[in-house]
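Protein sequences appear in the order of chains A and B. Mapped onto our numbering, the consecutive letters of the first sequence carry residue numbers 14 to 414. Mapped onto our numbering, the consecutive letters of the second sequence carry residue numbers 8 to 374. Don't be surprised by glycine CBs; every beta carbon is placed ideally from N, CA and C. See structure below.
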Amino acid sequence: MMMRDDAEDDTAALRKEVRTWLESNWDSSLPPEQDRWNLSPATKAWLVKVFEAGWAVPTWPADWHGRGLTESQADAVAEEFGRIGAPGARQDRSNFIVRTIYHHADPGLKRSIVPALLKREKGICLLYSEPSAGSDLAGIRTRADIDGTGYLINGQKVWTSGAAFADYALLLARTDWDAPKHAGLTVFLFPMHQAGVEVRPLRQITDETHFNEVFLTNARVEAIQILGGLNNGWRVLQAALAYERTALGDQSRAARHSAISDDLIGLARQYGRLSDNALRQELAGVIALRKLHALNGARARELGDNNEPSPLVSLGKLAMSRILHEEARIRTSIVGVETLLCGPDHPLADDANFLAFNAYFTSIGGGTDQIQRNIISERILDLPREPDPDRNIPFRQTRSG
Amino acid sequence: MKSTADERAAMRDVICNLLRSEASESHVRATMTTRSGYDAALWKKLADLGIIGMLIDPEYGGSGLGPIELELIMEETGSVLLCSPFLSSGVLAASLLMSSKNRAVQQRLLPSIADGTTLATVAMTDDRGCWTEAGIGVHAHQVKGHLRLNGVASYVLYGEVSDVFLVVARTSDGLRLYEVTKDDSRFELVPLSMFDPTLRSARLRFADTPARLIEPIDWTSVQKSLDVALIARAGEQVGGTRRIFDMTIAYSKTRFQFGRPIGGFQAMKHWAADLLIDVESSISAARYAADRMANQIDQSQEALYLAAFACSDAYTKISAATIQMHGGIGFTWEHPAHLYARRARAYAQLFGSPSYYREQYLRQLGA
C-alpha cells in the first residue's frame, strides 16, 4: 500500500502545480470553440502556452515538449484541465494523428511537423477510407505511382474530417498492386494545399457537415514524406487506428444546446419523471455504464495496457458506443413526444434527436461495432479469424464493389 | 492494517494453490451433497491460513485485513464455488461482532470464530428476505422478568451447522442484538432446500426462546456488516464470472461443428466480445467498491451499490450465456455450467436484488 500512497502524494503535488499554472494562465472568458477544425486566434494562442508548458504531451520526454509523466499522472493533468474546460492538454492520447506521427515518422520529419500540429499552427486530416473500402480498409484503390523523387496520387477518399482546414493529411495509398492487399500499402504525410486536391463537404444524418469527400487527381507527394517505410502502411495504420479507438473510447460529444441534456437525472427531474420506477431502474443501469467504462479505463491504465496500442482499447470504443446509444435511448424516452420537434425553440428535443443520431459517429466511425467485435474476439480472446479469401493473392486479382 | 501489493499477490497464490488441489470440481460436487454442506478438513486449513479470521483484529486472533483483501480472496473462492460458511461466519457475523461495543462478547466469541472452531451466523430477515430494517421478523420482550424472542428469521446462512446465532430483533425500545446458541433447544430450525446446492440456509422460528442480550444496536451498524458481506459477494460473483467466461471461450475453440471451431462463428465471437465488456466491468466495479470502502473515501456507498447490481447482473448474464454457448453439454447435470448459474441466481437475490441496489445507487446520485 505504501507504494500507492507515495504515488498518490506525487499526484496531489502534480495536481496542485497544474491548478496553480491554470490559475495564472487560463482566461476563462475564452469562448468555447464551435468548430474544432477551425480555431480562433485566441484559442491557438492558448494552445501555444499549453504546449510550451509541457502539458500538451505530458508523457513525452522534455526534449519532445513533454514532462516524462506516467499515464495516470498525465490523466490527472487532463482532469485538471477538464475541470475548468481548458483545452489542449493530454494530446499524447487524444490527438491520435500526432501520436501516430510521433511514433512512426523519421526524426527529421517529426521535428518538422509535430510541434506545429500540437500548437495547431498547422492542421491535419485523414485520407484512409474510400467509397469501396470501409470496414475492409486494406482494400483501398487510391494509387501512388512513382514520379521522379516522389509519387503521383490518384483516387477518391471519404469521411475526412477537417479537410477544408488541413495543411497535411495522413494518406493511405497503394504502392504495390502485385503484392497481397495488406502488403502493398504505404502511409504518406501528404500536403493538402496543391492543385489536384478537391474537397467536397458531405452532409451527415445530423445535418452537420464535418466530413468531406476528397478527390485526388495527379496530386504529388515526395518520397521523404513516407511514414514508417514503403509498403509498410498496414502496420502504421494498425497503430493509427488503435490510437484513434483510444480517443474515440474516451470521447463523447456534449449536447449542443443545454448542459442538462448530458445530466440524465437532471433531465428526468425537469420532465417530472423521477417518480417513474421503471424509468429509475433504466436510469441507474445507463448511468452505471458510463461509470463502469471509466473504472475499466482506470484499471487498464493501472495495468499499463495503454503504453502501446492494445486491443483492450477496442473494448473502450465498443463500450462507449453502447453508452452513447443507451443514453440516447433513455434521453429520448424522457423528453418523449417533444422529440417530434426540432430547432432552437426546442433545445432539449433537439439535443435528444441530435445525440441519438450522432451516436452512430462512434458505432460506425473508426471501425464499426461489428468490426470491433471481430477485433476483440480475435485479438483479446484469441478466437479464430474471419475467413479472408483475398488475403494472400495479388491485390490486382481481388474483387471489389 | 493494510497489505502491500506483493503481500496480496502472495495471498492470492496461497489460496489459489490450496483451492486448486482441495476444491476441485469433483470435491465441490462431493461436498455439496453432504448434509453440512462444507468440508471440515478444508475449513480447518483455511482457518490455519488466517483466512477465516481475516476480518478479525489480531487482538482476537484474526489477521486484521480489510475489504481489498476480502474481495481478492473471494474472487478465488467464487471461482471454484467453494462450499463453506465463510460468508456467514467469517464475514457477516465477524463484521457485526467487530463493530460491537461489548468487549466481553468479542473476547468470548471472536477468537473461536477466527480459528474456525465456532461457526456463527446472523439472523436478520424474515421470510420476505429483504435485508432491510423493515425486514426484521423477530421481536424481543420480557416474559415474567425473562427475555424472550418470538418470530421468524429466514435465509439464515449455514444455520444448521452454526453454533452461535446473532439475532437482530425489534423491541419496544429500538433494535437489539441477541445471542442464541444451538444448544438452546427452544427454537425450531428447518434447513431450507436450496436451488444452489453449494449453499446452505435455514429458517428459524422463535417461540418464547431465551436469548442473551449483546447490546442495543442501530440499523446502521447492521448495514455496515451487510456492506462488508456485499463486498464478499461481489468478489465471489466476479471470480465465478471470470471462471465460466474463460471456460466458455476455451470450449468454443475445441468444439468443432461444420468442420471448424464454433468459436469461429461470428454469432459466437460477437456475443463473446459483448460479454467481455460485462466481465471486465464487473471486475472493475468489485475492486473499486472494495478500494473505496478500505480507504473510506467519498462515494464508497455509491461504489458499493454499483458493484452490488453490476456484479449480480454480469454473473447472471454470463452464466446463462455459458449454458447456451455450450449447447447440449451445457444442459447436462455433469457439466458445471448449471452450478455456476445456480450460484449466480442465488447471489443475485441474497442480501438484496439488482433492482433494489439500482434504486439505492440512484438515490446516492441524488435522484
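Query	Result
Inter-stretch contact at 8 angstroms, needing at least 3 Cβ pairs: the region 240-256 of chain A / the region 206-216 of chain A	no
Partner residues on chain D for Q383/A, Cβ-Cβ distance less than 9 angstroms	This model lacks chain D altogether; the protein chains it does include are A and B.
Short CB-CB distance (under 9 angstroms) between E78/B and chain A	no
Proximity test, Cβ basis, 9 angstroms: N319/A and chain B	Caution applies to N319/A, whose pLDDT of 49 falls short of 50 and renders its modelled position unreliable; the value that the coordinates give is listed next. Answer no: the Cβ-Cβ gap between N319/A and chain B never drops below 9 angstroms.
Rounded C-alpha distance that separates W50/A from F178/A	7 angstroms
Own chain, CB closer than 6 angstroms to E290/B, minus 5 neighbours either side, in chain order	In the sequence on display, residue 290/B carries Ile and not Glu. Closer than 6 angstroms at the Cβ level, and outside the excluded window around I290/B, lie V245.
Interface residues of the region 393-414 of chain A facing chain B [CB-CB below 9 angstroms]	I393, L394, D395, L396, P397, R398, E399, P400
Below-9 angstroms beta-carbon distance, I347/A vs any chain B residue	no
Counted within 10 angstroms of its Cβ, other Cβ atoms place D105/A as buried (16 or more) or exposed	buried
Distance between beta carbons of L140/A and L202/A, contact taken as under 8 angstroms	About 11 angstroms; that fails the 8 angstroms criterion.
Enclosing alpha helix (DSSP H) for V286/B [first to last residue]	273-302
L196/B, DSSP secondary structure in three states	strand
Min CB distance K260/B to chain A below 9 angstroms	yes
DSSP-derived helix/strand/coil call for E341/B	coil
Expected contact under 8 angstroms - CB spacing of I166/A and A146/A to nearest Å	No, I166/A and A146/A are not in contact; Cβ-Cβ is about 15 angstroms, not under 8 angstroms.
Pair within 9 angstroms by beta-carbon distance, K276/B and R335/A	no
Contact set between I273/A and chain B, taken where Cβ atoms lie within less than 9 angstroms	Ordered by position in chain B, no residue passes the 9 angstroms Cβ test against I273/A, which lies about 14 angstroms from the chain.
Whole-angstrom distance between S161/B and L211/B, CA atom to CA atom	6 angstroms
Short Cβ contact (9 angstroms threshold) for L77/B with A239/B	yes
Between the CA atoms of A369/A and I325/B - distance to the nearest angstrom	28 angstroms
Separation of Q306/B from A355/B, as counted between CA atoms	22 angstroms
Nearest candidate by alpha-carbon position, reference V159/B, set I143/B, R183/B, Q149/B, A279/B	I143/B
Which of helix, strand or coil DSSP assigns to A30/B	coil
Extent of the continuous beta strand (DSSP E) to which E66/B belongs	That residue, E66/B, is in no beta strand (DSSP E); it is neither H nor E in DSSP.
Reduced DSSP secondary structure (H/G/I, E/B, other) of N319/A	The predicted position of N319/A is uncertain, since its pLDDT is 49 and thus under 50; no value can be drawn from it.
Pairwise C-alpha distance: L88/B and V127/A	54 angstroms
Spatial neighbours of E399/A in its chain, beta-carbon cut-off 8 angstroms, leaving aside the 5 residues before and after	N387, E391
For N167/A, three-class secondary structure by DSSP	strand
Chain B contact for R266/A (CB, 9 angstroms cutoff)	no
Per-residue DSSP class, three states only, for A328/B	helix
Between the CA atoms of V112/B and T227/B - distance to the nearest angstrom	20 angstroms
Span separating the alpha-carbon of R299/B from that of D134/B	32 angstroms
According to DSSP, residues forming a beta bridge with P217/B	R155/B
Cross-chain neighbours of G298/A in chain B, by beta carbon under 7 angstroms	R365
Cβ-based contacts, 9 angstroms cut-off: residues of the region 288-300 of chain B near chain A	S288, S289, I290, S291, A292, R294, Y295
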